[in-house]
């Protein structure tokens, strides 16, 4: 090992949250490292912290400034939190994108949708094949997760081998995609692993994870016993589950219909890339409408209660002419991601109003997780036997717990959240903190999370918005009185007079009393009007609203 | 039973949601019934559906119109979703409020805070004492829940007896408050029960509920083994739990300090009304600051991650000079109510960053529910053996499941959501649907949920808000060009020019092209400006914003 070169790890996203994965590895002399990026995902906005936002990306400004030294982007698998930002951010990085066929299919489509060059996506063979990227040699290590061709990365560097797990579980019978292969793992571990950079999502789950193969028999039993139509939802990308659900339908003598864009897309991608052999034949929504409901099974999008997905549309009434009725069955073959409970509960109650029986995973038999639980993580540590365990993909609490698990077994570990630069060659020392954050895709524009745009929206939502206009003439005299428009505030307050009238009267008083010096100064007039509007509104309705003042001067 | 009189049940709140309980019972000739109201609670707003709102009440307009026939308001217990609206809504109903001492203490305080007459709150003795209210005789039946003196109501009418459970569990060792008393239940059931109106919250929980007494030993063990400071949170109103926590602290040789307004208030109320005997002595925050942290246990508000509560303040740094450190322990002796996950997870991660170990109820040993589980509900049905089971207090899915449970045991049941009038004398027939809804307390003003105020706020939060002003002179000519102010939209869009400039340029073009007919008509000018603003903004940033146009005419 050269004393000048160093091997660094720098998460820009995914270490401190579950979502928007983006991990940088670098090798070279300090400040002159060559880089690769692993994953470039999104996270999803919510009304509480990011209203109106479409998608959230890691802030890649640090890497963008150094893009001349970025040799490659590797995508571990096709989940949105790993590949979702590639089309939006690629032109800020301009490096080739490497992925296995199923993942590459999605990455290329996302590039195309954003007008980026699809040919930059390079389809790779799995381990033991490897890709050269600057000082790195990288191999895709097949492993089991909840989407086809999910892969860990074997990252060989002049300083030794890193294994970056991506998302994984230790499933020896995953039904679709590659099984956990302990022999391959041991072979990869053999030369010695400097660092295992490892998924932390399920570190709080104490029992060994269950195999995807346990789910099928339970679902088949449930569907066979159902009287009316059966509708089931899961993540569309969980192609193995979609197949299990479809097979259960067929086993129960039902025709299967896929509803929702991402459901159809994923199955198409599965067929196109050859990962989905033996998927039962499906029928169109038009044909489904003609069938007796007891002969029908719908597989729909919207396991998280998303408002526009097929499940929510069925909950509101019809979707493509299909609707649910009393004694139909709706199955959530999925878990509710924290934060999505309200949306899911909303559709469950709508189905309840229709007399539809809803089955969820409360019993723990109609869904299994795609992530390694705590004992599985320990087993992975054991097989790889790395010098250093670096927990990734998790909130702070997950990373911390994962590090504790590793250390309790006598291993070295380092807790590195987004922006923490770890020198792996120096045994996991933290050598720098880099500014990171979130980028919002807002409509078609990328804005910084801290730019104030979203803050203003939240303030308007919490406080309402009052617009005040005043015309001042050539002699610095007000022309008429101030006008007020209100939005998002009660029409009448304590005095039982319209709020608008009360505000206009108070502002007129203010302007009548204002001296010429104030009236000559736009800033002063605006500040006085804003302050009086907030005071008066607060007195009247108990809210201090956001206020925008427009002073127009006749030149 | 007179052929003219009828006995009706009409939920105005609580049947179709968990929260804002408000149940009307009526007896008399159709349209001339005398009424009582059981409970008058609140529910809590959220950013998604009710941003900026302070509290949510049931819409009591129906009852208000008939308040001359309202004889009494009964409050079953002091939880906010049962008593929280009494101070806000009392003057719209003006009937005496009956409650047992601990509940009455809270009701009176709430009346006082809103300037309502505290003397309208009448303190009642428990069953077999009864209160006369028009044609009703009502007794408070002590039962176990998660707050002292929780009571069901025995409601005797000329048509027979109704038992309204309020919130309850079958706990024979509840530690604080009255135990489940099967002998009293049997005695109440003896004359025959026309209808059991019954809590549905936990109908999906399949196992018999655990007693409050199971929690203490586990918590004591946990606290005894803790090395640093221990901080525990639970609902302040769960006085039994607060006592258990305090006793665990004392048993571990720690001094106990209560933090958070509602925590102190509840304990005060417990002392004042004599329900809280033997509560350990507590120390002030000032004294707590002087103690070694391993000798200290804090009991704090904020089990649901509420931003202003003590727990969240500790997560952000200091609270009353106290702060958490590495190796301290934070215990959630509570469950997270669906919808509050994000807030709770936020503080867990903040504690994780501080190196604080967080223990929650994942293991199911540091918290028990205050509601009857499915087998307990079945037992309650069995003891009361009513002619009719009416599920209340639950979302639609809970009510439906509860009705199914009752019917599967051969009982009659009716699913009645808010606004459904049930004729109990006619065996549970639905006889009317009454308009119901939600009233928002917004600042100090009550507004209807459908008034559009909150809708406007949500739209501004999702889309941003653009203000357009234009002055038109005496000759119907524009004086200068339109001015634009933006709030909650990106500053620059696709063209890389400021959005404000792009909008102003496009609007100027529009106004230059506008004919005199349009310029003479305020509505037409406004509509044209609004439309062009939305089009132009959408092209520039991919958002169609909310737009407010102000046209000022020089007279």
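Residue numbers (the numbering used here), protein chains in the order written: chain A, 1 to 555; chain B, 556 to 1110.
Glycine is no exception: its CB is placed at the ideal position from the N, C-alpha and C atoms.
A buried status is given to residue 336 of chain A, since no fewer than 16 other beta-carbon atoms sit within 10 Å of its beta-carbon. At a beta-carbon threshold of 9 angstroms, the residues of chain A lying near residue 602 of chain B are 46, 47, 48, 49, 51, 458, 461 and 462, ordered along the chain. Leaving aside the five residues that flank residue 480 of chain A on each side, the residues in its chain whose CB is nearer than 8 angstroms to its CB run, in chain order, 471. In the DSSP annotation of this structure, the continuous segment of the beta strand (DSSP E) that includes residue 141 of chain A starts and ends at 136-142. Judged by beta-carbon spacing, residue 577 of chain B lies within the 7 angstroms limit of residue 595 of chain B, meaning their Cβ atoms are closer than that value. The C-beta distance from residue 879 of chain B to residue 887 of chain B rounds to 14 angstroms, too long to meet the 8 angstroms contact threshold. Contact annotation for residue 467 of chain A against chain B: 1022, 1103 and 1105 [CB-CB distance below 7 angstroms, chain order].
Positions of the alpha helix (DSSP H) runs, each at least 4 residues long and wholly inside the stretch 155-207 of chain A, are given as 182-189 in order along the chain. Following the DSSP letters along the chain, one finds residue 483 of chain A inside the beta strand (DSSP E) bounded by residues 483-487.
Among the residues facing chain B, residue 541 of chain A is included, as its CB has a counterpart in that chain under 7 angstroms away. In this structure residue 1014 of chain B is buried. Its beta-carbon is surrounded by 16 or more other beta-carbon atoms within 10 angstroms.
The alpha-carbon separation between residue 967 of chain B and residue 1004 of chain B amounts to approximately 34 angstroms.
Here the alpha carbons of residue 1060 of chain B and residue 947 of chain B stand approximately 59 angstroms from one another. If you compare the alpha carbons of A:157, A:110, A:17 and A:119 with that of residue 36 of chain A, the shortest gap goes to A:157. Taking all protein chains shown into account, residue 721 of chain B has 16 or more neighbouring C-beta atoms within 10 Å of its C-beta and is therefore buried. Annotation note: the stretch 245-275 of chain A contains the following uninterrupted alpha helix (DSSP H) runs of length 4 or greater, listed N- to C-terminal: 261-272.
With 16 or more other CB atoms across the displayed protein chains lying within 10 angstroms of its CB, residue 928 of chain B is buried. Taken through DSSP and simplified to helix, strand or coil, residue 856 of chain B comes out as coil. Contact between residue 489 of chain A and residue 1008 of chain B holds: their C-beta atoms lie close to 7 angstroms from each other, under 8 angstroms.
In this structure residue 999 of chain B is in contact with residue 542 of chain A, their Cβ atoms being roughly 3 angstroms apart against a cut-off of 8 angstroms. Residue 126 of chain A is not a Cβ neighbour of residue 1017 of chain B, given a cutoff of 7 angstroms. For residue 88 of chain A, the closest Cβ of chain B is not nearer than 7 angstroms. For residue 638 of chain B against residue 665 of chain B, the beta-carbon gap comes to about 7 angstroms, under 8 angstroms, which counts as contact.
Among the residues of chain B, none has a CB under 8 angstroms from the CB of residue 219 of chain A; the nearest is roughly 20 angstroms distant. Annotation: residue 362 of chain A is outside any alpha helix (DSSP H) and is labelled neither H nor E by DSSP. Those residues of the stretch 476-487 of chain A placed with their C-beta closer than 8 angstroms to a C-beta in chain B are 479, 480, 483, 485 and 487, ordered along the chain. For the pair residue 201 of chain A and residue 383 of chain A, the CB atoms are not nearer than the 7 angstroms cut-off. When only Cα atoms are considered, residue 432 of chain A and residue 8 of chain A end up about 10 angstroms apart. When the alpha-carbon of residue 730 of chain B is set against those of B:746, B:889, B:1039 and B:766, the nearest one is in B:766. About 5 angstroms separates the CB atoms of residue 628 of chain B and residue 650 of chain B; that is less than 8 angstroms, so the two are in contact. For residue 447 of chain A, the nearest CB of chain B lies under 7 angstroms from its own CB, placing it at the interface with that chain. Taken atom to atom, the span from the alpha-carbon of residue 476 of chain A to that of residue 44 of chain A is near 50 angstroms.
Residue pairing from DSSP places residue 874 of chain B in a beta bridge opposite B:877. Sequence-ordered contacts of the stretch 879-902 of chain B with chain A read 893, 894, 896, 897 and 900 [C-beta pairs closer than 7 angstroms].
Measuring C-alpha to C-alpha distances from residue 42 of chain A to each of A:30, A:55, A:31 and A:300 identifies A:55 as the nearest. Rounded to whole angstroms, the Cβ separation of residue 178 of chain A and residue 143 of chain A is 7 angstroms, and the two are in contact under 8 angstroms.
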